[in-house]
Amino acid sequence: MKPPPFEYYAPTTVEEALARLAEHGYDAKPLAGGQSLIPMMNFRLAQPSVLVDLNNIPDLSYIRPNEGGGLSIGAMARHSMVEKDALVAERAPLVHETMPKIATTQIRSRGTFGGSLAHADPSAELVCASVALDGKFKVVSQQRERWIPANEFFLGLFTSALEPEELLVEIQLPPFPKRTGWSLMEIARRPHDFCLIGVAATLTLGKKDQCKKARLVYLSAGDGPMVGQQAAKVLEGQSISPELFEEAAEVASSADIDPSSDIHATAEFRRHLANVLTRRALEEAYKRAIPNI
Amino acid sequence: MTTTVVHERIPEPIGESKPRLDNRKKVTGAATYADDMQFGSGLLYARILHSPHPHALIKSINISRAKALPGVKAVVTGEDFPGFIGLYLQDRHIFCRDRVRYVGDPVAGVAATSEEIAVKAVNLIEVEYEVLEPVVNPEFGASPDAPLVHPQLSEYKVVPFILPQAGTNISNLFKVRKGDVGAAWEKCAAIVERKYRIPHIQHVPIEPHVAIAQVDETGEVTLWGSSQSPFAQRNLIAQALGISQSDMRVVAPYVGGGFGSKAGVSMEALAVAIATKVRGRPVKLRLTREEEFYTAFVRQELISYFKMGCDKNGKILAMENRFYWGGGAYTEYGVNVTRAAGYSSTGPYEVPNVKTDSYCVYTNHPVGGPMRGFGMPEMHTGLEQCIDDLAHEIGIDPVEIRRRNCIREGSILVTGSKMHPTGLPQCIEETAKAIQWGQKASPSAPNKRRGKGTAIMWKAPAMPPNAGSSAWVELAEDGTVTVGLGGQDLGQGTFTVCAQMAAAALGVPYESVRIATPVDTRFSPYEWQTVASRLTWSMGNAVVSAAQDARRQILDLVSEAWGEDPEDLDIRNGVVVSYKSEQEIPLKDMVIYGLPKPNDSGWMGGPIRGRGKFMPTYVTSLDPETGQGERAVVHYTTGSQSVELEVDLDTGQVEILRGASSFDVGKAINPEMVKAQMEGGFVQGLSSALFEEMKMVDGYMQNPSFVDYRIATTTDAPSDLQSVIVEVPQDDGPWGARGIGEHSMVATAAAIANAIFDAVGIRMEGPPFSAEKIYLAMLDAGIVE
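Chains as they are written, first to last, in the working numbering: chain A, 6 to 298; chain B, 313 to 1097.
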């Protein structure tokens, strides 16, 4: 199917793009890599009457180091660029691990880092990874500029804190904490499909190798990125053991997530898979937190 | 006429893996597909109004608002086209008249100056329906309690070998009664009974269906389309319109995948019907992917019951099989799947006592049509699991039970005929060797279990007994050769293979042979259809015969000119040579302008054009009560497939680690392309085993897009995929060749199911074997907690 008719603008500056968005409000949608928006338009799930194409704005595609060890990624940086970037590998190992798991090579060559986040799909890897890493998002409009923490950005199914006249322009990731391991695991019908369930995990160890801090954020597990808050409570402050991971997995899969049934899997099976993946992800993160183990 | 085949010497380039003829055109984008063709500003765009109900009566149709929309040139309904259409059973109208029978059934059509206007017009057509109870299960559909999908079944025109049952939904019943099944059971040391259910799947070619039709002022019709069957379309559409076949022309450019879905006639008839109302203007209809799922052919669903028994040595004594084929709303083509499954119902085994009932049942599902394997994958998926279970029951290795029972040369087959020479026993050994059968490797992780499975198959071309092929061979001034043929290259490489055969039979380099494309029924020689894996064999024979005819003309001419015996002459590498006088003359010096007569007394010869044909002459009919007869089919291609896989106990996920295929192709004309067929078939079989299912709820498809209907891609194929060619020649195949296109996906799903059983000891009713299904089955079996 083809999308319904729409007006198309291709601004060359952020200011011009913001002016278009201000002018058209809810009728307009920014077009980044188009890997989600265009299929949704073809399926008539999205019917914007105005598209503001960001692909001609050169200033939005970059990866820069920040003082203190973090980094900033421009919203229009392509997935393939982030995937191959040495700085990302060094400073954001979870993102580095996540990138090749996003869809297919073809989609990653076109899709963008910011586009994926603004789309706010609860089955998107970067949505959950950015929450697990406590990223923050720079959002601008003609009137103002504001920073939104990742865990406040995603409001629900395909819904973010972005106002219609606002544009996501940059993602900032804080320094990756020391003694921290990471993991991103998914189970899908085929490797590159939307996953049935997935989890982005970080695990920080304390001085006695106990769990100091744990973040578990689940994909395809509810209306947004589902944070394993109760599982984190089970983990934090405790010494690491297989039993501890099992308990956390049990709590996360029964209490922290809210998956639904569809033609690909039932909610019960997704909970079961979340349990399995939680254990596996925590084990992998633990091994990475103690490299010499 | 049967072609004489030279078995003694295999000439070049037979058996060589020549590069495909269409490589450069496809890679550079020069290849023209139907949707690429330009028809100028007069082109009209057609859209179809489809039934939203699985089963309903049409009470009224109001087209006045659609007709009044500016830009709309025609609106047509079933009222305009009262005739029936269908390949084996004429059971469908081009547009529905009084009743709709599936979600997607065409109710009305529009031609307009743009696609957008056509869509708008379709939305303005008002139809009033009276909704009826749908039939959604073929087994129930065959029962007397089911509502009738085709109350007029007994009045439909049908070919003699298809047997509709009046007053039921059964559009064909094929029966086998061989030996005495009832008496055999008590002699059995082990008996297993199983039920399987195979869902509808679809061909999903990359290129959706597209057709452009034009009717000129005199009534002559031209159809351009993505087609496997230009001549069958010419015949069926001409009959439906009541015009001469010679006034109906079908032009078939490159095809972007068919797998059976572009055989026979489907949406093409809609385009032609609409075009009759806007004479002089071409009308284009192309399906969206959603329409492809809703309205194009699908593979039949199957509910199958098997009962089989063997003696204490594992010798199979009896089989009793019942098949309920869910043929969908129209079974004009699907009735023959039922027949093929019947006459192949024992699988590739010699079984003395057989009882089979194979029912084709109307349902209110999409239209079942031919799909790669033509019923054999669906049937073998159950049968070959049952054979494994029988082996376990009697305590014999699954490969061994196949060795002991598989058909060999001279075996008496299910229909009573004798098996021709076959390499099946060798294929079984090849895949067992490739997969290291009998050696259990340890799993890659503690939470995984590893298993191996094997399955064997047979399949005959399912076609009328007298399906024919023809060909011509022409030479140009420079000695290059053009081969005319009417079969279609769907990507399987038939043009390349035919060029190789023409080169070999004529004695010219492969590089000098072209194929006359696109296939055009006005200029190309007749070919029944590009289906049934029959082209290498049937069309190949016609091409060889045409090339031999040209060769004969050339040698007769040269021998007369040189005063030599034609037996002493040969054509080598494009040059006529005499082994006696050692004279030689390049073809380019004589194939158009002939040769001078001696003493300046004039000229002889003239443009060379060879012609050839092939039609099997020996297929007999089968007794309608017993399914027995002298020779049911032309031949069977046989083969074996094995897989090794791992199952994740925690998640139920399956990873296919390696696969092996071995098929007896008689003679591999182009070995690399034969292997490509084996690999491609394996991956499509894998896809049907693990991913594919048209999810139907009350007659409505739930997943009509690639987001929700999953097919295997390269990342899902195992990197270790072995293909072993076995060559036991076919007596009437060119250099012994027989087909391989479909066979390579027939046994795959069963082999995977058997490997899953080997790994974790579970069986499922049917594919797709999703992680959730496997996990739940493991839970049920107590393998995991």
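Quick reminder that beta carbons are idealized off the backbone N, C-alpha and C, glycines included.
- [ ] Classify Ala811(B) as buried or exposed, calling it buried when 16 or more other Cβ atoms lie within 10 Å of its own Cβ.
- [x] Counting every other CB atom within 10 Å of its CB across the protein chains shown gives Ala811(B) a total of 16 or more, marking it as buried.
Task: Residues near Cys3(A) in its chain [Cβ-Cβ closer than 8 Å; skip 5 each side] - done: Only positions 6 to 298 of chain A appear in the structure, and residue 3(A) is not among them; the question remains open.
Task: Proximal residues, the region 482 to 510 of chain B versus chain A, C-beta separation under 7 Å - done: Answer in chain order: no residues at all.
- [ ] Would you list the one or two residues that DSSP bridges to Ala423(B)?
- [x] Looking at the DSSP assignment, Ala423(B) forms a beta bridge with Ala358(B), Ala386(B).
TODO: List the residues of chain A that Arg1022(B) touches, going by C-beta distances under 8 Å, in chain order.
DONE: Contact of Arg1022(B) with chain A by beta-carbon distance below 8 Å involves Arg194, Arg195, Asp198.
Task: chain A contact for Lys1007(B) (CB, 8 Å cutoff) - done: It does; some Cβ of chain A falls within 8 Å.
Open item on the list: Please confirm whether Phe250(A) has its beta-carbon closer than 8 Å to some beta-carbon of chain B.
Closed with: Closer than 8 Å: no.
TODO: Go through the region 613 to 664 of chain B residue by residue and report every complete run of the beta strand (DSSP E) that reaches 3 residues or more, in order.
DONE: The qualifying runs are 613 to 622, 628 to 640.
- [ ] Can you grab the Cα-Cα spacing for the pair Glu879(B) / Val889(B), in whole Å?
- [x] The alpha-carbon atoms of Glu879(B) and Val889(B) are separated by roughly 11 Å.
- [ ] Using a Cβ-Cβ cut-off of 8 Å, state whether Thr103(A) counts as contacting chain B.
- [x] Judged by the 8 Å Cβ criterion, Thr103(A) is not in contact with chain B.
TODO: Determine the DSSP secondary structure at Asp1028(B), reduced to helix, strand or coil.
DONE: Three-state DSSP puts Asp1028(B) in a helix.
Task: Alpha-carbon spacing of Lys487(B) relative to His947(B), whole angstroms - done: Rounded to whole angstroms, the gap between the alpha carbons of Lys487(B) and His947(B) is 20 Å.
Task: Below-8 Å beta-carbon distance, Tyr1087(B) vs any chain A residue - done: For Tyr1087(B), the answer is yes, since a Cβ of chain A falls inside 8 Å of its Cβ.
Task: Residue-chain proximity (Ala270(A), chain B), Cβ-Cβ < 8 Å - done: The C-beta of Ala270(A) comes closer than 8 Å to at least one C-beta of chain B.
- [ ] With 8 Å as the threshold, decide whether the Cβ of Leu210(A) is near any Cβ in chain B.
- [x] Taking a beta-carbon distance threshold of 8 Å, Leu210(A) does not count as an interface residue toward chain B.
TODO: Kindly indicate which three-state DSSP category Thr848(B) falls into: helix, strand or coil?
DONE: In this structure, Thr848(B) counts as helix in the three-state DSSP scheme.
Open item on the list: Contact defined as beta carbons within less than 8 Å: I believe Leu178(A) pairs with Gly75(A). What is the distance between those atoms, to the nearest angstrom?
Closed with: Confirmed, Cβ separation roughly 5 Å.
- [ ] Give a yes or no on whether 8 Å exceeds the smallest Cβ distance from Glu1084(B) to chain A.
- [x] By this cut-off, Glu1084(B) is an interface position.
- [ ] Would you mind reading off the limits of the beta strand (DSSP E) that contains Tyr13(A)?
- [x] Where Tyr13(A) is concerned, the enclosing beta strand (DSSP E) stretches over 12 to 14.
- [ ] Let me know the secondary structure DSSP gives Leu162(A) once reduced to three states.
- [x] Of the three classes helix, strand and coil, the one that applies to Leu162(A) here is coil, per DSSP.
Task: Endpoints, the alpha helix (DSSP H) within which Pro247(A) is located - done: In the DSSP assignment, Pro247(A) falls within the alpha helix (DSSP H) that extends over 247 to 256.
Task: Neighbourhood of Glu662(B) by C-beta distance below 7 Å, restricted to the same chain and skipping five residues each side - done: Sequence-distant Cβ neighbours of Glu662(B) in its own chain, meaning closer than 7 Å and more than five residues away, are Asn717, Ile719, Ser723, Ile724.
- [ ] Check whether the Cβ atoms of Phe686(B) and Ala652(B) sit closer than 8 Å, and answer yes or no.
- [x] Cβ distance < 8 Å, so Phe686(B) and Ala652(B) count as in contact.
Task: Continuous alpha helix (DSSP H) assignments of at least 4 residues falling wholly in the region 704 to 741 of chain B - done: Taking only runs of at least 4 residues, the alpha helix (DSSP H) segments lying wholly in the region 704 to 741 of chain B are 710 to 717.
TODO: Using a cut-off of 9 Å between C-beta atoms, extract the partners of Phe1003(B) located in chain A.
DONE: Those are Arg194, Arg195, listed as they occur along chain A.
TODO: Using a threshold of 8 Å, state whether the C-beta atoms of Arg921(B) and Trp784(B) are closer than that.
DONE: Yes, the Cβ-Cβ distance between Arg921(B) and Trp784(B) is below 8 Å.
Open item on the list: Quick test of the definition: if touching needs 3 or more C-beta pairs under 8 Å, does the region 389 to 409 of chain B touch the region 364 to 378 of chain B?
Closed with: These segments touch.
Task: Contact list for Val2(A) against chain B, beta-carbon separation under 7 Å - done: No answer is possible for residue 2(A): it lies beyond the span of chain A, which begins at 6 and ends at 298.
Task: Through-space distance from Pro16(A) to Leu59(A), alpha-carbon basis - done: Straight through space, the alpha carbons of Pro16(A) and Leu59(A) are spaced by roughly 7 Å.
Task: Option in Val1019(B), Ile1095(B), His1055(B), Gly1094(B) with minimal Cα separation from Cys200(A) - done: Ranking the options by Cα distance to Cys200(A), first place goes to Val1019(B).
Task: Limits of the alpha helix (DSSP H) - the one that Lys752(B) falls within - done: Per DSSP, Lys752(B) belongs to no alpha helix (DSSP H) and is neither H nor E.
Open item on the list: Distance cutoff 8 Å, beta carbons only. Does Trp849(B) sit that close to anything in chain A?
Closed with: For Trp849(B), the nearest beta carbon of chain A is not closer than 8 Å to its own beta carbon.
Task: Local conformation of Trp840(B) per DSSP, three classes - done: DSSP places Trp840(B) in coil when its eight states are reduced to three.
TODO: Could you tell me the distance, in whole angstroms, from the CA atom of Leu23(A) to the CA atom of Gln147(A)?
DONE: For Leu23(A) and Gln147(A), the distance between alpha carbons rounds to 6 Å.
TODO: Would you please verify whether the beta carbon of Phe181(A) is less than 8 Å from any beta carbon of chain B?
DONE: Cβ-Cβ to chain B under 8 Å: no for Phe181(A).
Task: Listed by chain order, chain B residues near Leu42(A) by CB distance under 8 Å - done: Chain B residues near Leu42(A): none, gap ~14 Å exceeds 8 Å.
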